[in-house]
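When we follow our numbering, the leftmost residue of the sequence shown carries the number 1400, and every step to the right adds one.
Don't be surprised by glycine CBs; every beta carbon is placed ideally from N, CA and C.
All values reported here derive from a predicted model rather than from experimental measurement.
First comes the structure, then the notes that go with it.
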Amino acid sequence: PAGRARRRRLVCRGDTVRKRSFKQKRVTAMGILDVKIVRDYIRMCTDGWEQGWHERNGGNLTYRMRPEEVEQCRPYFRTAGEWVSMGVTGKNLAGEYFLTTGSGKYFRNVALDPAHNIGIVEIDSAGGAWRIVWGLEDGAKPTSEFPSHFMNHSVRAAATEGVYRVIYHAHTPNLIAMTYVLPLTARDFTRALWQSATECPVVFPGGVGVVPWMVPGGADIAIATSELMKQYDAAVWAHHGLFCSGPDFDTTFGLMHTIEKAAQIWVLAQSAGQGKICQTISDDNLRAIAGEFGVTLNEAFLD
Ligand code: 2HA
Ligand code: ZN
1400 PAGRARRRRL VCRGDTVRKR SFKQKRVTAM GILDVKIVRD YIRMCTDGWE QGWHERNGGN
1460 LTYRMRPEEV EQCRPYFRTA GEWVSMGVTG KNLAGEYFLT TGSGKYFRNV ALDPAHNIGI
1520 VEIDSAGGAW RIVWGLEDGA KPTSEFPSHF MNHSVRAAAT EGVYRVIYHA HTPNLIAMTY
1580 VLPLTARDFT RALWQSATEC PVVFPGGVGV VPWMVPGGAD IAIATSELMK QYDAAVWAHH
1640 GLFCSGPDFD TTFGLMHTIE KAAQIWVLAQ SAGQGKICQT ISDDNLRAIA GEFGVTLNEA
1700 FLD
């Protein structure tokens, strides 16, 4: 009847449509943006933006979806686009699905308009090409760093028996500043960061790798980073930023946050002391922390 229809309201949010009526008090979830993993992914983008790590289109985030998460999203998939070759191959990721930020898209806009700024891509059966199945609307593409992310997913998944699912790249200002001041070695960066905050050896006991300055976006930097990711959870990109990997959003965001905060403390201490440090956390102190917290430090970085 006309009266009932008039009382029914349609509330639109992105590509979500919710129907509400007097009879139906409970709101029915009807969109991909109500799927928890998509919500959590969007929240991480917003968190990174709020930290100041994603000026303009800086940074990118990818997540390798669990089979059940793919099924939760599948009702909202569109007719798949064309296969696009990546220039790199990860055989162990054939047939996987990834949430990804879009090339040239701004983290600042992700929560406001997910369908245009992020998307889901499927990997082909050879592990060498992607095609879009949701989002990245109106001709958008996965992040320019998708080859780097993909190679890093491949080696991190292999190194952790599939436990690692997140690769996150951000333009962390204090860490970038350090790459102008310290020698670009894993040893120099790991020691400086471990010594900058007591929690650091507990959060990244394996240390961090360092990639020298390279042109971003291509296969060369993807291969160089993924070589380091065989060993490290995090790789510094000189004069550019940081790549972090982890099993979930909390751990991976937490790693980025911990490393950048340690870098901030390092920069503050160096600036305040005009390069003169009176005392720091000693190697014996680092070993004592590791013993107390039950982690194994990368001995190569200790004297
Ligand atoms: O997405 O951060 O490294 C823009 C970049 C490239
Ligand atoms: Zn970047």
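Note to self: Closest to Ser1434 by C-alpha separation, out of Gly1674, Glu1449 and Met1464, would be which residue?
What the structure shows: This sequence places Val at residue 1434; Ser is not what is there. Ranking Gly1674, Glu1449 and Met1464 by Cα distance to Val1434 puts Met1464 first.
Note to self: Assuming contact is defined by CB atoms lying nearer than 8 Å, are Ser1595 and Gly1527 in contact in what I supplied?
What the structure shows: no
Next item on the list: Closer than 6 Å by C-beta to Thr1461: which residues in its own chain qualify, once you throw out the five before and the five after it? Chain order, please.
Entry: Phe1497, Thr1499, His1548 and Ile1566
Notebook entry, point to check: So, Phe1603 versus Trp1533, is the Cβ gap smaller than 8 Å?
Noted result: no
Checklist line | For Leu1641, the residue or residues it bridges with in DSSP | finding: Ala1569 and Val1635
Check: Which of helix, strand or coil does DSSP assign to Arg1465?
Finding: coil
Margin query: Which complete beta strand (DSSP E) runs does the stretch 1428-1499 hold, if anything under 3 residues is left out?
Written below: 1459-1463
Margin query: I want to check one thing, is the minimum distance from the CB of His1568 to the heavy atoms of the ligand ZN below 7 Å?
Written below: yes
Item checked: Neighbourhood of Ile1676 by C-beta distance below 7 Å, restricted to the same chain and skipping five residues each side -> Ala1668
Check: In whole angstroms, what is the alpha-carbon distance linking Ala1591 and Ser1543?
Finding: 31 Å
Notebook entry, point to check: Taking only runs of the beta strand (DSSP E) that begin and end inside the stretch 1574-1661, which ones reach a length of at least 3 residues, in chain order?
Noted result: 1608-1610, 1633-1636 and 1640-1645
Checklist line | Distance cut-off 7 Å: Gly1501 Cβ against heavy atoms of the ligand ZN | finding: no
Notebook entry, point to check: Is Val1694 helix, strand or coil when you go by DSSP?
Noted result: coil
Notebook entry, point to check: Would the beta-carbon of Trp1452 fall within 8 Å of that of His1638?
Noted result: no
Margin query: DSSP three-state label for Ile1680, please.
Written below: coil
Next item on the list: State buried or exposed for Ile1436, treating a residue as buried only when at least 16 other CB atoms are found within 10 Å of its CB.
Entry: buried
Notebook entry, point to check: Just to confirm, does Asn1551 get its C-beta within under 7 Å of one of the non-hydrogen atoms of the ligand 2HA?
Noted result: no
Check: Under 7 Å from any heavy atom of the ligand 2HA, does the C-beta of Thr1542 make it?
Finding: yes
Next item on the list: Run the CB neighbour count on Arg1564, radius 10 Å, all protein chains shown included, and call it buried at 16 or more, exposed below.
Entry: buried
Next item on the list: For Ala1525, name the three-state secondary structure that DSSP assigns.
Entry: coil
Note to self: Distance check for Ile1620 and Cys1599, CA to CA, integer angstroms please.
What the structure shows: 26 Å
Checklist line | Closer than 7 Å: His1638 CB and nearest the ligand ZN heavy atom | finding: no
Item checked: Through-space distance from Asp1682 to Leu1701, alpha-carbon basis -> 6 Å
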